[in-house]
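Residue numbers (our numbering): 4 to 493.
The structure appears below as structure tokens.
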Amino acid sequence: MSEPIPLSSERSPRPGRRGRAPRQNNSWDTQYGNDVWQLRELGIQDRQLARITFEGIPQPWLKALAKRWARWRLASGLGAVSVSTGNRAIAWFGEFLAEAVPALQGLGELDRELLECYLAHLHARCSGTAKHRNLIGQLNLFFTGIRQHGWDGSLPSTVMFFSEDFPKEGARLPRALSETVMAQLENPDNLAKWNNPSYELITLILMECGLRITDTVRLPADCIIYDGEGAPYLRYLNHKMKREALVPIDADLAEVITAQRRRLQEQWPGGAAVLFPRVTRNEDGREPMGDGVYRKALHRWLKRCDVRDEHGQPVRVVPHSFRHTLGTRLINRDVPQEIVRRILDHDSHVMTAHYARLSDTTIRRHWEAARKVNIKGETVTLDPDGPLAEAAWAKQRVGRATQALPNGFCGLPVQQSCPHANACLSCPMFITTSEFLPEHRQHRQQVVQIITAAEARGQQRLAEMNQQVLGNLDQIITTLEDDPDDEANT
Numbered sequence: 004m005s006e007p008i009p010l011s012s013e014r015s016p017r018p019g020r021r022g023r024a025p026r027q028n029n030s031w032d033t034q035y036g037n038d039v040w041q042l043r044e045l046g047i048q049d050r051q052l053a054r055i056t057f058e059g060i061p062q063p064w065l066k067a068l069a070k071r072w073a074r075w076r077l078a079s080g081l082g083a084v085s086v087s088t089g090n091r092a093i094a095w096f097g098e099f100l101a102e103a104v105p106a107l108q109g110l111g112e113l114d115r116e117l118l119e120c121y122l123a124h125l126h127a128r129c130s131g132t133a134k135h136r137n138l139i140g141q142l143n144l145f146f147t148g149i150r151q152h153g154w155d156g157s158l159p160s161t162v163m164f165f166s167e168d169f170p171k172e173g174a175r176l177p178r179a180l181s182e183t184v185m186a187q188l189e190n191p192d193n194l195a196k197w198n199n200p201s202y203e204l205i206t207l208i209l210m211e212c213g214l215r216i217t218d219t220v221r222l223p224a225d226c227i228i229y230d231g232e233g234a235p236y237l238r239y240l241n242h243k244m245k246r247e248a249l250v251p252i253d254a255d256l257a258e259v260i261t262a263q264r265r266r267l268q269e270q271w272p273g274g275a276a277v278l279f280p281r282v283t284r285n286e287d288g289r290e291p292m293g294d295g296v297y298r299k300a301l302h303r304w305l306k307r308c309d310v311r312d313e314h315g316q317p318v319r320v321v322p323h324s325f326r327h328t329l330g331t332r333l334i335n336r337d338v339p340q341e342i343v344r345r346i347l348d349h350d351s352h353v354m355t356a357h358y359a360r361l362s363d364t365t366i367r368r369h370w371e372a373a374r375k376v377n378i379k380g381e382t383v384t385l386d387p388d389g390p391l392a393e394a395a396w397a398k399q400r401v402g403r404a405t406q407a408l409p410n411g412f413c414g415l416p417v418q419q420s421c422p423h424a425n426a427c428l429s430c431p432m433f434i435t436t437s438e439f440l441p442e443h444r445q446h447r448q449q450v451v452q453i454i455t456a457a458e459a460r461g462q463q464r465l466a467e468m469n470q471q472v473l474g475n476l477d478q479i480i481t482t483l484e485d486d487p488d489d490e491a492n493t
């Protein structure tokens, strides 16, 4: 088993460098051998974490590999919290090994059977929690890193986790705020109750742009850029994805941001580097406000505004609620999913699809609100609260997706074959709404022309068949035109 190489190791000078020894990093020299790394000593500033510990890993050989993995992850720019999370996963695995196979001396002695025992151990200890998936995922990343960098060639190829090893994650809808709550939060009178213009601006950016709170409080002072047509965009660093991103904003928000910059100029005449500087111990204006400061201010503001839900109960709002709400609103306004992905700067379509699941709710609401008419001109009712509501809606949804017609929808279950040979206007399963009135009128004209021509040629059978269609069309059009909610006739 190969041993990790600390940065303090002596190495032979490279040829052509005149024998000059490599430059040493004294901070890493001091910290690497410790079981607790002080991040400040390593030049790593993290508001959430001051140290990374390896004390919970019982096996020295496993601890040595954990240190090497942690150093590489920190050097690649991964956040200290994520690195610490990986260490905890290794510590869990190490504690299991110490109890199950105390004589185990290295990675070469691991096998698939032992991993399956560990999976059973985790299932018994933390089944149904997010921690369960995380412990498996982080340990798998650890194994991948060892193979990728060749840190220990004895690791068997069978020592890995597969997708089937991870517990199923329950699908959850985004936790968007209701429009009743958002109407209160967006009310100008309530926004005026902010006692700090910086907090009010942060709230507007969260609402209108959907940024994460950590990205918002770290916005640079010069965060607005304009395109060739003079339209403003908010430029920010997506810290989760480690990339710059742009989100379109309106002129009003751009003006509020400009006013914030003017206020900063008064307090920091030399110019502040960030849009929301920390108030204390920040002489040069480079240190951003902590997101925890805003969270506390948001809680106080909600109490001042007495924001309540549909049931009159006080609501709990966290900064990320605004991101969920924006994504849900965009999807429900029929904004294409790719556009929503770019606005929220998701790395993949999987997360955006999380919001798209709500679009079915929007379609259902429109379907329930529309007046549905069958071929006899009779209104078809669908009780949204009835015992068959979900099943009825599922049938309508399948019909829309697989049996859509230019002037309505087929209500026949997809499992049954149609006995009417495309003569849907003589089919008792046909259903339509007022949105298809123009098609119905045009279709009626065509049917009249067919009947007239058939009668002129003596084709009575053809004329009789189309007379039934014409009668049904007349009933449908008459009923739909009498619909007081038909916007097409207003």
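Glycine included, C-beta positions come from ideal geometry on N, C-alpha and C.
Open item on the list: By DSSP's criteria, V277 is part of a beta bridge. Which residues make up the other side?
Closed with: P223
Open item on the list: Taking the straight line between their C-alpha atoms, what separation do you get for S351 and G330?
Closed with: 14 Å
- [ ] Count the other CB atoms, across all protein chains shown, that sit within 10 Å of the CB of M292; report buried if there are 16 or more and exposed otherwise.
- [x] buried
Task: Through-space distance from P280 to L333, alpha-carbon basis - done: 31 Å
Open item on the list: According to DSSP, is Q48 part of a helix, a strand, or is it coil?
Closed with: coil
Open item on the list: Suppose the cutoff is 6 Å on Cβ atoms and the five residues either side in sequence are ignored; what does the same chain contact list for R289 look like?
Closed with: A276
Open item on the list: Please classify S166 as buried or exposed, where buried requires at least 16 neighbouring CB atoms within 10 angstroms.
Closed with: exposed
TODO: Look up E247 in the DSSP assignment and say whether it is helix, strand or coil.
DONE: strand
Open item on the list: Quick check on DSSP: helix, strand or coil for I60?
Closed with: coil
Task: Beta-carbon proximity list for R494, same chain, < 8 Å, skipping 5 on both sides - done: With the chain running from 4 to 493 in the structure shown, residue 494 is simply not present.
Open item on the list: With three or more C-beta pairs closer than 8 Å as the rule, is the stretch 155–163 touching the stretch 109–127?
Closed with: yes
Open item on the list: Starting from Y35, trace the alpha helix (DSSP H) in both directions and tell me its first and last residue.
Closed with: Unbroken run through Y35: none, as it is neither H nor E.
- [ ] Find the nearest neighbour of K171 within the set R215, T261, A133, A300, judged by alpha-carbon distance.
- [x] A133
Task: Rounded distance between the beta-carbons of R215 and R326, thought under 8 Å - done: 7 Å
Open item on the list: Quick check on the burial criterion: 16 or more other C-beta atoms within 10 angstroms. Buried or exposed for P200?
Closed with: exposed
Open item on the list: Given this structure, state the Cα-to-Cα distance separating R345 from R221, to the nearest angstrom.
Closed with: 20 Å
Open item on the list: Among the candidates F99, I149, R284, F145, whose CA atom is the shortest distance from the CA of L125?
Closed with: F99
Task: Per-residue burial, R71 [other beta carbons within 10 Å of its own, 16 or more giving buried] - done: buried
TODO: For P339, name the three-state secondary structure that DSSP assigns.
DONE: coil
Open item on the list: Just to check my reading of the structure: V343 and T355 have Cβ atoms closer than 8 Å, yes? What is that Cβ distance to the nearest angstrom?
Closed with: 5 Å
TODO: Would you kindly check if the distance between the Cβ of L305 and the Cβ of G213 is under 8 Å?
DONE: no
- [ ] Determine the closest residue to D485 out of Q462, S437, D38, with distance taken between C-alpha atoms.
- [x] S437
Task: Residues sharing a beta bridge with Y202, DSSP - done: Y202 pairs with nothing; no bridge assigned.
Task: For I434, the first and last residue of its enclosing beta strand (DSSP E) - done: 433–436
- [ ] Over the uninterrupted beta strand (DSSP E) stretch that includes N241, give me the two end residues.
- [x] 235–241
Open item on the list: Using only CA atoms, which one of W64, R336, T328, T56 lies nearest to L107?
Closed with: W64
Task: One or two residues paired with G229 in a DSSP bridge - done: For the sequence presented, residue 229 should be read as Tyr rather than Gly. According to DSSP, which records beta bridges pairwise, Y229 is partnered with P235.
Task: Backbone CA spacing between L141 and L301 [nearest angstrom] - done: Note that residue 141 is Gln in the sequence shown here, rather than Leu. Cα to Cα, Q141 sits roughly 34 Å from L301.
Open item on the list: Measuring only the C-alpha atoms, how far is T219 from D192?
Closed with: 23 Å
Task: Beta-bridge partners of W40, as assigned by DSSP - done: I55
TODO: Tell whether a beta-carbon distance below 8 Å holds between L256 and E211.
DONE: yes
Task: Counted within 10 angstroms of its Cβ, other Cβ atoms place I228 as buried (16 or more) or exposed - done: exposed
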